[in-house]
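Enquirer:
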Amino acid sequence: MKIDTVKVFLNELGKLTQFSLRFFLEGIKPRYEFNEWARQCFFIGYQSLLLTGVTGFIIGLVITIQSHPSMEAFGTESWLPSVVSVSLVREIVPVITALICAGKIGSGIGAELGSMKVTEQIDAMEVSGTNPYKYLVVTRILASTLMLPLLVITSDAISLYGAYIGVNMKQVVSFSLYTNQVFAKLNFGDVLPSIFKSFFFGFAIGAIGCYKGYNTEHGTEGVGRAANSAVVVATFAVFLIDLIAAQMADILHIT
Amino acid sequence: MDAQPVIVTQNVFKAFGKNKVLQGFDFKLMEKENVVILGKSGSGKSVLIKCIIGLMKPDAGSIKVFGEEVTQFNTKQFETLRAKVGFLFQSNALYDSMTVRENLEFPLRRHAVSSDGTNMLDLVKEALGNVGLEHTIDMMPSDLSGGMRKRIALARTLILKPRIILYDEPTTGLDPITGKEISRLMLDIQKKYNTASLIISHDVNCVKIVANRIVVLIDGISYAEGTYQELIQSTDSKVKQFFD
Numbered sequence: 022m023k024i025d026t027v028k029v030f031l032n033e034l035g036k037l038t039q040f041s042l043r044f045f046l047e048g049i050k051p052r053y054e055f056n057e058w059a060r061q062c063f064f065i066g067y068q069s070l071l072l073t074g075v076t077g078f079i080i081g082l083v084i085t086i087q088s089h090p091s092m093e094a095f096g097t098e099s100w101l102p103s104v105v106s107v108s109l110v111r112e113i114v115p116v117i118t119a120l121i122c123a124g125k126i127g128s129g130i131g132a133e134l135g136s137m138k139v140t141e142q143i144d145a146m147e148v149s150g151t152n153p154y155k156y157l158v159v160t161r162i163l164a165s166t167l168m169l170p171l172l173v174i175t176s177d178a179i180s181l182y183g184a185y186i187g188v189n190m191k192q193v194v195s196f197s198l199y200t201n202q203v204f205a206k207l208n209f210g211d212v213l214p215s216i217f218k219s220f221f222f223g224f225a226i227g228a229i230g231c232y233k234g235y236n237t238e239h240g241t242e243g244v245g246r247a248a249n250s251a252v253v254v255a256t257f258a259v260f261l262i263d264l265i266a267a268q269m270a271d272i273l274h275i276t
Numbered sequence: 011m012d013a014q015p016v017i018v019t020q021n022v023f024k025a026f027g028k029n030k031v032l033q034g035f036d037f038k039l040m041e042k043e044n045v046v047i048l049g050k051s052g053s054g055k056s057v058l059i060k061c062i063i064g065l066m067k068p069d070a071g072s073i074k075v076f077g078e079e080v081t082q083f084n085t086k087q088f089e090t091l092r093a094k095v096g097f098l099f100q101s102n103a104l105y106d107s108m109t110v111r112e113n114l115e116f117p118l119r120r121h122a123v124s125s126d127g128t129n130m131l132d133l134v135k136e137a138l139g140n141v142g143l144e145h146t147i148d149m150m151p152s153d154l155s156g157g158m159r160k161r162i163a164l165a166r167t168l169i170l171k172p173r174i175i176l177y178d179e180p181t182t183g184l185d186p187i188t189g190k191e192i193s194r195l196m197l198d199i200q201k202k203y204n205t206a207s208l209i210i211s212h213d214v215n216c217v218k219i220v221a222n223r224i225v226v227l228i229d230g231i232s233y234a235e236g237t238y239q240e241l242i243q244s245t246d247s248k249v250k251q252f253f254d
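Those protein sequence lines, which keep their order, are chains G and U.
Heads up, our numbering is the position in the first sequence plus 21, with the first residue counted as 1.
Heads up, our numbering is the position in the second sequence plus 10, with the first residue counted as 1.
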């Protein structure tokens, strides 16, 4: 790797960090853009619900179907609900939901802010006396930070229902027995870290999408590049945060 | 009483890397005056007005607006200034996700005399009336033609009744007839509100209609200055090229 590439990477990382930290400085100061934040919560949260919910259902179903033969071979198929539910809630659903959001929300924010930048709408906002960072960036980052955990919780519930259907494809298990088996193994140590890391996933997706869009250059070609780059970097960030979260949970013995 | 200068630039320099755009630009805009800055694409016209409104910072030199040195302004001071200085963007810069009404109400959020919605609506209707587009109030910018968008952008600029309006290429991308309509509208507005206007353009038709005075920007400096009649008679080839 050339030294210039390293310099460019570090420079970009520094700018992204600076851009993200500005969120905390600007976010606490009034004026609060409540209406725009609520609008973004609707777009980021409600409008992603169907996609993340259906994906959660399919993931729950598929993981259960695919786990069944192995567990049957070891004679442990009665453990299927508890084993599948722990892996879904702890790891699979939060990461899959975050990856879907990195694609949908990251690219959406990147393209929207990018096109606003190249058509001078961000400058127009500044000229009209509105702080564009506060109006466009703070609202979007806050909305994605708060909506992602809600999407993860919803997808967790839907994926567990998908797993219930998966379990019933090979055997007959009542819903109450299935629920008992799931919650016998699933505890706060499984649920809380997954929700906690979802806040970081949401923050990273929002911040990266906003950073890429807000700093778009080179006209309409730059808008496409910003959207694409937002997805790639946000996807990488999701895996990185997941790795750090797993290490932290291990160090703190949250298992 | 003599007209007072509202914008004065002295020895303004701005460069992007090795590309020196402004190289000691001097000029004055007086009250109730329409001045056109004429120059080729990439000559630094837009950079100049962005420096005046605080969207860019000059590398050196002085820019005074209403007698205050804006190159040293902080964000709050710029906010106060921007209530008195309107800016019409070349691309119109209408917010795509908002209706015409919301676009016009946007500058009022910070500067409106009252937070009462009725008052805002009156101001929006008045601004739309000035550009003859009252019927578009609930339409989206994407439903409007290029000329209509320009008029709406002009209405948004006017809504705070600024004392100075900065126009960045107001007729670019419009057909000649619509371009003339916009130019006449700019003139009507100037007469109605007694605003001073700084117009960046390379459209001679627009210049002919609106300019009280023309400043020719060549090589980053104020190369020539005069009325339209004076400049079309210039024998200098660099000036003549704009009017041929």
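Each residue gets a CB set at the ideal place from its N, CA and C atoms; glycine is no exception.
1. Between residue 116(G) and the rest of its own chain, which residues show a CB-CB distance below 6 Å, the 5 nearest in sequence each way excluded?
2. Would you please verify whether the beta carbon of residue 101(U) is less than 8 Å from any beta carbon of chain G?
3. If we call anything under 8 Å between Cβ atoms a contact, is residue 177(U) one with residue 210(U)?
4. Give the range of the beta strand (DSSP E) segment to which residue 29(U) is assigned.
5. Is the segment 194-202 of chain G in contact with the segment 83-98 of chain G, if contact means three or more CB pairs nearer than 8 Å?
6. Between the Cα of residue 176(G) and the Cα atoms of 73(G), 260(G), 30(G), 34(G), which residue gives the shortest distance?
7. Do you know offhand how far residue 63(U)'s Cα is from residue 153(U)'s?
8. Tell me, which residues are paired with residue 19(U) by DSSP?
9. Contact defined as beta carbons within less than 8 Å: I believe residue 49(U) pairs with residue 212(U). What is the distance between those atoms, to the nearest angstrom?
10. Rounded to a whole number of angstroms, what is the C-alpha to C-alpha distance between residue 35(G) and residue 243(U)?
11. Grouping DSSP H, G and I as helix and E and B as strand, with all else coil, what is residue 225(U)?
12. Provide the residue(s) that pair with residue 64(U) in DSSP beta bridges, ordered along the chain.
13. For residue 89(U), which residues in chain G fall below 7 Å Cβ to Cβ?
14. At least one CB of chain U closer than 8 Å to the CB of residue 140(G): is that the case?
15. When you compare the CB positions of residue 192(U) and residue 184(U), do they come within less than 8 Å of one another, or not?
16. Give the secondary structure of residue 134(G) by DSSP, where H, G and I count as helix, E and B as strand, and everything else as coil.
17. Report back the beta-carbon spacing between residue 72(U) and residue 21(U) to the nearest angstrom; my notes put them in contact at under 8 Å.
18. Can you give the Cα-Cα distance for residue 212(G) and residue 113(G), rounded to whole angstroms?
19. Measure the alpha-carbon distance for residue 202(G) versus residue 99(G) and round it to whole angstroms.
20. If you pair each beta-carbon of the segment 65-83 of chain U with each one of the segment 104-114 of chain U, do three or more pairs fall below 8 Å?
21. What do you reckon, are the CB atoms on residue 47(G) and residue 193(G) nearer than 8 Å?
22. Considering only the beta carbon of each residue, do residue 69(G) and residue 162(G) sit closer than 8 Å?
23. Can you tell me where the beta strand (DSSP E) holding residue 177(U) begins and where it ends?
24. Which runs of the alpha helix (DSSP H), 4 residues or longer, sit entirely within the segment 187-242 of chain G?
25. Nearest chain U C-beta to residue 144(G) closer than 8 Å, yes or no?
26. By the criterion of Cβ-Cβ separation under 7 Å, what are the contact partners of residue 147(G) in chain U?
27. Anyone know if the C-beta pair for residue 223(G) and residue 167(G) falls short of 8 Å?
28. Here's a check: name, in chain order, each residue in its chain whose Cβ is nearer than 7 Å to the Cβ of residue 172(U), leaving out the five neighbours to either side.
29. So which residues of chain G does residue 256(U) contact, with C-beta pairs closer than 9 Å?
30. May I have the straight-line CA-CA distance separating residue 272(G) from residue 85(G), to the nearest angstrom?
31. Excluding the 5 residues preceding and the 5 following residue 221(U) in the sequence, name in chain order all residues of the same chain whose CB lies nearer than 8 Å to its CB.
32. Counting only the same chain and skipping the five closest in sequence on each side, list residues whose C-beta sits under 7 Å from that of residue 159(U).
33. Can a CB atom of chain G be found closer than 8 Å to the CB of residue 117(U)?
34. Could you work out which residues of chain G lie near residue 165(U), taking near to mean beta carbons separated by less than 9 Å?
35. Going along chain G, which residues have a C-beta under 7 Å from residue 97(U)?
36. In the DSSP assignment, find the unbroken beta strand (DSSP E) run with residue 206(U) in it and report its ends.
Expert: So, from the listed chains and residues:
1. 263
2. yes
3. Yes; because the gap between Cβ atoms is below 8 Å, this pair is in contact.
4. Judged by DSSP secondary structure, residue 29(U) falls within the beta strand (DSSP E) whose first and last residues are 29-40.
5. no
6. 73(G)
7. 30 Å
8. 37(U), 73(U)
9. 7 Å
10. 56 Å
11. strand
12. In DSSP, residue 64(U) forms no bridge with anything.
13. The CB of residue 89(U) comes closer than 7 Å to the CB of 150 in chain G, given here in chain order.
14. yes
15. The answer is yes: Cβ separation under 8 Å.
16. Here residue 134(G) sits in helix by DSSP.
17. For a cut-off of 8 Å, the C-beta gap from residue 72(U) to residue 21(U) is around 7 Å, short enough to register as a contact.
18. 12 Å
19. A straight line joining the alpha-carbon of residue 202(G) with that of residue 99(G) spans about 9 Å.
20. Put simply, the segment 65-83 of chain U does not touch the segment 104-114 of chain U. Fewer than three CB pairs are less than 8 Å apart.
21. no
22. no
23. Taken as a continuous stretch (DSSP letters only), the beta strand (DSSP E) holding residue 177(U) covers 174-178.
24. 196-206, 209-235
25. yes
26. Among the residues of chain U, those whose CB is under 7 Å from the CB of residue 147(G) are 65, following chain order.
27. Yes; because the gap between Cβ atoms is below 8 Å, this pair is in contact.
28. 94, 95, 96, 205
29. Nothing can be reported for residue 256(U), as the shown portion of chain U is limited to 11 through 254.
30. One C-alpha to the other measures close to 30 Å.
31. Take residue 221(U), set aside five residues on each side of it, and the residues of its chain with a beta-carbon closer than 8 Å to its own are 44, 45, 46, 209, 237, 238, in chain order.
32. Cβ within range, chain order: 102, 104, 151.
33. Taking Cβ atoms only, chain G reaches closer than 8 Å to residue 117(U), which makes this a yes.
34. Result: empty, since nearest Cβ-Cβ is about 13 Å, beyond 9 Å.
35. 148
36. 206-211
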